[in-house]
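Residue numbers (the working numbering): 1095 to 1427.
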């Protein structure tokens, strides 16, 4: 009975891996604009502020994650949308290999012998050496220069493009060798270090090294670095957008204030003039009231006569009620 209740097949991770298509989130970048290190930040700032703003940021982050692996190997060499062979120098395959150019005997040898020692009849390494020599000759300071930063950068650039071309030529079936991607990553990191040192020491040589069709991405400061999570990235972009909108609103209000400052000054002057005239009228009226209280008026203002008799009667009545005669001395009488 126990045998009948057993499953007819054994289910495991490897079993389902062969039967269900796996989700591979990484994609091949084809848009050269994505080579910019701030492409997705600029796209996030350009999104419309509507009810779907957060959803659009989520889609933008998913697109960023999908292309970041391919951009890691291509962005700094400007290889997005083009083949590595486009940036490699054109080599005449009939020329002698590297190391055989200065041999006098070979220069006098027949064409059949020259063909044997040519780049076209050599191995892939001979072609790579020719690419390295062509790129290093563009930035070499002098004939004996072999260890400068420019030479190291050019040498690594030729090596990276050679390996990238090799990756492009290898078919996906079977899977492309990971050790080759690892070597490319290490070479890119090493070249980035040399570019940073060259940028800090010699700006002219740094600009000349960029003529090799390479880009240097300035690393962000620790306080500008965003954690590589969707929620953290969306919150960072939202914060930047709020700051941008606030600054835009303040700039708009400032421009509006500058445009209306002349009209504002004119209205302010008119209002100040009106208030000054009103102040003069009030001061004049206060002086007239003060003059009336002193018993005379300097202008032809009707004079006020109080009820003299009524006031005296009230005064005498108060004296009778509350007044006390002074004490008299009976001894004098």
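Ideal Cβ placement from N, Cα and C applies to all residues, glycine included.
- A check of alpha carbon separations from residue 1317 across 1324, 1307, 1330 identifies 1330 as the nearest.
- With a beta-carbon spacing of about 5 Å, residue 1255 and residue 1182 fall inside the 8 Å limit used to define contacts.
- By the 16-neighbour rule on beta-carbons within 10 angstroms, residue 1249 is buried.
- In this structure, 1137 is the residue among 1312, 1137, 1128 with its C-alpha nearest to the C-alpha of residue 1335.
- Residue environment analysis places residue 1167 among the buried positions, since at least 16 neighbouring C-beta atoms fall within 10 angstroms of its C-beta.
- Residue environment analysis places residue 1292 among the buried positions, since at least 16 neighbouring C-beta atoms fall within 10 angstroms of its C-beta.
- Under DSSP, residue 1421 forms no beta bridge with any residue.
- A contact between stretches requires three or more CB pairs, one per stretch, nearer than 8 Å, and the stretch 1125 to 1141 meets this requirement with the stretch 1156 to 1165.
- Here DSSP, grouped into helix, strand and coil, assigns residue 1212 to strand.
- DSSP links residue 1190 through a beta bridge to 1212.
- Separation of residue 1186 and residue 1163 (C-alpha to C-alpha, rounded to the nearest whole angstrom) is 34 Å.
- Where residue 1295 is concerned, the enclosing alpha helix (DSSP H) starts and stops at 1272 to 1295.
- Per the C-alpha coordinates, the member of 1176, 1152, 1133 positioned closest to residue 1307 is 1176.
- Excluding sequence positions up to five before and after residue 1310, its CB lies within less than 8 Å of the CB of 1170, 1286, 1289, 1290, 1293, 1300, 1304, all in the same chain and listed in chain order.
- Around residue 1209, the same chain offers 1215 as residues with beta carbons nearer than 7 Å, after the five sequence neighbours per side are excluded.
- Spanning the alpha carbons of residue 1143 and residue 1347 requires a straight line of approximately 20 Å.
- Boundaries of the alpha helix (DSSP H) around residue 1221: 1218 to 1233.
- Assignment of residue 1161 by DSSP, reduced to helix, strand and coil, places it in the helix class.
- Rounded to whole angstroms, residue 1416 and residue 1375 show a C-alpha spacing of 45 Å.
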